[in-house]
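Report on one structure; see the data block that follows.
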Amino acid sequence: MALATEHVTEPAAAQRAPHPLRAEWVRGFAPWAGAAVLLTTGVTLWAKADQWQGGWSETAGQAHSVMLIALPLAAAAGCRHGGRERRRRTEELWGTTVRPPLARLLAAALPVAVWVALGYLLTAALAQLATWPYAQGDHPHLTLLPGDTAAMAAGALTGHVVGRAVPTRLAAPLLAMAGYVGLGMVTADRSAPGRVLSPTVGPLGVGLPVWWQPWAMAVWTGGLAVTAVLAYAARRRVTALLPLAAALAAGTLLVQTGNGLWHADPIARRQVCDTSLTPAVCVNARYAGMLPQVRDALAGITGKLRGVRNLPVRWADHGGAPHAGEAQLPGITPLGWSAVRGRLTDPEQFAWEAVAALEGYDCPEGPATAPELRADDAVEYYLAPTSAQKGIDEDDARGDAARRADLRERRAARARLAGTDERTRREWLSAYFAARADCDAEGVPAL
Amino acid sequence: MTGPLLYARSRALPATLAALAGTAAFALWAAGRLDAYLDPDRRVPIVALAPLLASAVIGASLYSASDELDRTAVHRWWPRRLGQLTALTALAALLVVPAVLGHADTFGPPAVIRNTLGCTGVTATAAVLLGARLSWLPAFAYVTAVYLGSSAARGRAATVWAWPMQPGAQPGAWAAALAAFTLGAALYAARGARPEGVGG
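Residue numbers (our numbering), protein chains in the order written: chain A, 4 to 450; chain B, 123 to 322.
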């Protein structure tokens with residue numbers, strides 16, 4: 004009995020041989036193409052991680068902008084793979100099989116298309132994961148992903164057809180370079196006609212696409228790729244007209260809508276405030292989690308300003324120019340300078356910039372007089388002394404006679420402001436900020 | 123035909139020369155559109171990408187159609203290979219210079235020559251390791267990634283790893299590019315391009 008059982012199981016095991024197309028998917032060039040996309044885009048994103056890690060909107064923007072590299076790479080990978088049968092000299096052999104040309108082409112082309120799209124998706128997913136621990140508000144922006152992924156697959160398919168049709172070694176590198184240069188020019192030139200048709204173009208600043216933009220982009224790029232495939236390999240080439248019509252319809256829709264494809268992110272207009280301080284401290288709702296840090300950085304200033312009148316109501320950060328009676332909060336965005344991964348890089352400098360904003364530096368420029376500059380300097384030194392200021396002082400101390408005299412007067416003014424009693428200082432600061440609020444340089448009180 | 127001429131034809135040099143000339147013409151045309159007379163920083167795309175394209179063209183010509191036969195020859199191959207690589211690199215460097223005349227301290231002829239050396243070096247190394255057909259890929263991936271990613275890069279290390287994007291007078295970038303070229307030329311002269319199988 005045992006022998007008989009063995010005879011029965013052996014053919015059953017043989018039937019479980021891998022599918023003939025499995026090798027195309029898991030071996031050879033296709034997985035490597037996906038890895039190349041992952042590596043190239045990953046390194047690019049890693050190199051400028053300071054500028055997006057921690058902001059969901061910035062993360063989405065950067066993940067979209069690496070399409071500029073990923074898409075030419077996908078097309079070149081497809082192009083190289085398309086020339087495979089010619090290099091192997093197996094074209095005639097393929098001609099003897101019963102499968103139609105379209106099935107043969109897709110069997111070779113689809114694995115590369117899927118792998119490069121997966122490589123890009125994985126990069127985008129890793130970027131979201133990298134932002135997650137540092138996010139300070141807002142939510143992940145994944146709207147552009149379907150359009151980008153479809154464009155990657157479409158690029159690889161189109162490249163494959165080019166590789167089949169063009170028998171030269173230079174086809175793949177030229178396609179990559181031309182794609183990169185062409186897409187780069189269209190993306191950089193804000194007035195290029197038909198710019199919205201490029202899958203690399205994204206919203207300006209903190210913007211969102213309308214919900215159907217990624218899907219229209221997917222139909223546009225995918226439609227063109229399917230048109231190329233059908234026109235090259237279909238038995239009835241006239242079927243290529245159908246995806247072409249779909250692509251043209253989607254393209255027309257994109258071009259007609261133009262700048263209407265993007266709208267401002269509503270969350271960027273909201274802010275979160277701490278009104279327990281005077282002036283109140285507000286940060287944009289996109290990074291609401293940074294409010295405690297910003298408040299701590301500015302606590303020294305608000306503590307010294309207790310009881311002072313004529314101050315702006317708040318430091319505001321609502322994505323536009325400050326309203327009347329507001330001072331602009333120093334820029335937390337663009338990320339990578341003042342704030343990196345959800346932390347203020349230099350709270351001391353941030354506080355100094357906040358004092359400068361209180362002083363009303365957005366007044367129309369007039370010739371600043373020496374007493375006025377000394378008053379500004381004394382206020383800055385009293386409210387938010389910085390090491391940069393000390394460096395300037397030391398530099399001036401080594402300078403010529405005029406600079407040394409200026410430094411002496413600055414130090415005297417600082418000493419007078421710091422040395423007066425509490426009440427007099429409050430009165431003086433109230434008068435100072437009243438003059439500053441009115442942009443009245445003449446009215447700045449003497450020290 | 124004599125030896126060197128036969129060698130040149132066997133490496134598709136006429137087509138390579140034509141492609142290099144095309145690259146130079148394209149760079150000139152693009153430079154004319156950039157309007158960079160006042161702001162040399164606008165030339166960065168040309169300074170970074172024209173040498174990349176030239177190196178891809180050179181890389182494609184580094185193959186040998188009869189690798190096994192070549193190895194049976196009594197001639198030493200390394201002088202020919204080295205001559206081919208250096209001559210093509212020198213020619214490419216000369217051809218891309220007219221697109222970026224002037225502004226030698228920032229993005230002018232020195233920067234574009236340095237990038238030609240560096241990109242060709244990376245491509246030649248890749249031809250030895252990956253084969254001539256894919257030799258353009260590492261340089262393309264590296265330069266385009268640095269192009270997009272190096273805007274925030276600061277510090278001394280960045281002048282080395284972001285060498286394709288540095289101004290012409292940056293010693294660290296020159297050292298990186300020259301090292302890449304020396305390594306690539308030495309490897310290619312010694313080993314030649316990796317033999318291409320019929321597969322892949």
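Yeah, the Cβ is synthetic: ideal placement off N, Cα and C, and Gly gets one too.
Below 8 angstroms on the Cβ atoms is my contact criterion, and I expect residue i with residue j to pass it. Report the Cβ-Cβ distance as a whole number of Å.
| i | j | result |
| --- | --- | --- |
| L270(B) | V69(A) | 7 angstroms |
| T247(B) | L309(B) | 6 angstroms |
| P34(A) | W118(A) | 6 angstroms |
| G57(A) | A138(A) | 6 angstroms |
| G154(B) | A226(B) | Going by Cβ atoms, the distance from G154(B) to A226(B) rounds to 20 angstroms, so no, they are not a contact pair. |
| L24(A) | A110(A) | 6 angstroms |
Are the beta-carbon atoms belonging to residue i and residue j less than 8 angstroms from one another?
| i | j | result |
| --- | --- | --- |
| V222(A) | A253(A) | yes |
| A39(A) | A263(B) | yes |
| A315(B) | S186(B) | yes |
| D141(A) | R240(A) | no |
| V196(B) | A141(B) | no |
| M180(A) | L175(B) | yes |
| I72(A) | Y235(A) | no |
| V218(B) | P173(B) | yes |
| V244(B) | A298(B) | no |
| C82(A) | A174(A) | yes |
| P202(A) | L74(A) | yes |
| G37(A) | L121(A) | yes |
| P217(A) | G150(A) | yes |
| A147(A) | G185(A) | Checking the sequence shown, residue 147(A) turns out to be Leu, not Ala. Contact: no. |
| A280(B) | N237(B) | no |
| W28(A) | P114(A) | yes |
| A228(A) | L160(A) | yes |
| L233(A) | A243(A) | yes |
| W55(A) | L338(A) | yes |
| A387(A) | W355(A) | yes |
| G230(B) | P162(B) | yes |
| R203(B) | A137(B) | no |
| L347(A) | A300(A) | yes |
For residue i, I'd like the list of residues in its chain whose CB is within less than 8 angstroms of its CB, leaving aside the five on either flank, ordered along the chain.
| i | result |
| --- | --- |
| P282(A) | T305, L308, L314, P315, V316, R317, W318, A330, L361 |
| D192(A) | R198 |
| A79(A) | G162, A175, P176, L178, A179, G182 |
| P88(B) | There is no way to answer for residue 88(B), as the model of chain B reaches only from 123 to 322. |
| P170(A) | G86, R89 |
Could you name the residues of the same chain whose beta carbon sits closer than 7 angstroms to that of residue i, not counting the 5 residues immediately before and after it, in chain order?
| i | result |
| --- | --- |
| A449(A) | P374 |
| V343(A) | D53 |
| A134(B) | S183 |
| G321(B) | With a pLDDT of 48 at G321(B), under the threshold of 50, the modelled position of this residue cannot be trusted; read the value that follows with caution. Once the five neighbours on either side are set aside, G321(B) has no close Cβ partner at all. |
| R413(A) | R377, D380 |
| V234(B) | V169, A172, P173, V218, V219, V222 |
| R313(B) | V250 |
| A260(B) | The sequence shown places Pro at residue 260(B), not Ala. V244, A248, listed in sequence order. |
| L213(B) | L142 |
| A384(A) | Just to set this straight, residue 384(A) is Tyr in the shown sequence, not Ala. Cβ neighbours of Y384(A) beyond the five flanking positions: Q392, R417. |
For residue i, verify whether its CB is less than 7 angstroms away from any heavy atom of the ligand GDP.
| i | result |
| --- | --- |
| A143(B) | For the ligand GDP, the structure offers nothing, since it holds no ligand at all. |
Tell me which residues share the same chain as residue i and place their Cβ nearer than 6 angstroms to its Cβ, disregarding the 5 neighbours each side in the sequence.
| i | result |
| --- | --- |
| L256(A) | A219 |
| C276(A) | A283, C285 |
| A5(A) | Because the pLDDT at A5(A) is just 46, under 50, the model does not fix this residue reliably, and the value given afterwards should be weighed accordingly. Cβ neighbours of A5(A) beyond the five flanking positions: none. |
| E9(A) | In this predicted model, E9(A) has a pLDDT of only 48, less than 50, meaning its place in the structure is not dependable; the value taken from the coordinates is given anyway. For E9(A), where only same-chain residues beyond five positions count, there are no Cβ hits under 6 angstroms. |
| P325(A) | A319, Q331 |
| Q392(A) | none |
| A295(B) | T281, W285, Q288 |
| W258(B) | A178, G181 |
| V189(A) | A195, R198, S201 |
| E351(A) | T389 |
Practice task
Could you tell me whether the segment 154-169 of chain A touches the segment 354-363 of chain A, where touching means 3 or more Cβ pairs closer than 8 angstroms?
Solution key: no
Exercise for the section: Kindly confirm or deny that the segment 300-311 of chain A and the segment 252-266 of chain A touch, where touching means at least three C-beta pairs closer than 8 angstroms. Expected result: no
Handout entry: At least 3 beta-carbon pairs within less than 8 angstroms: the segment 125-136 of chain A vs the segment 66-86 of chain A
Key = yes
Practice task
Mind listing, in chain order, the continuous beta strand (DSSP E) runs of no fewer than 3 residues lying wholly within the segment 310-397 of chain A?
Solution key: 317-319, 329-331
Practice task
Could you pull out every unbroken beta strand (DSSP E) segment of at least 3 residues lying fully inside the segment 169-255 of chain A, listed in chain order?
Solution key: 210-212
Exercise for the section: Please go through the segment 124-212 of chain B and give each complete alpha helix (DSSP H) segment of 4 or more residues, from N-terminal end onward. Expected result: 125-132, 135-156, 166-182, 189-193
Problem - Cβ contact (3+ pairs, closer than 8 angstroms) linking the segment 41-48 of chain A and the segment 78-96 of chain A - result: no
Exercise for the section: Please list the segments of the beta strand (DSSP E) lying wholly inside the segment 228-297 of chain B, counting only runs of 3 or more residues, in order along the chain. Expected result: none
Handout entry: Inter-stretch contact (C-beta, 8 angstroms, three-pair minimum) for the segment 429-438 of chain A and the segment 397-409 of chain A
Key = no
Exercise for the section: Would you be able to state if there are at least three C-beta pairs under 8 angstroms between the segment 205-224 of chain B and the segment 147-156 of chain B? Expected result: yes
Handout entry: Uninterrupted alpha helix (DSSP H) stretches inside the segment 65-134 of chain A (no shorter than 4 residues)
Key = 70-85, 87-91, 94-98, 104-134
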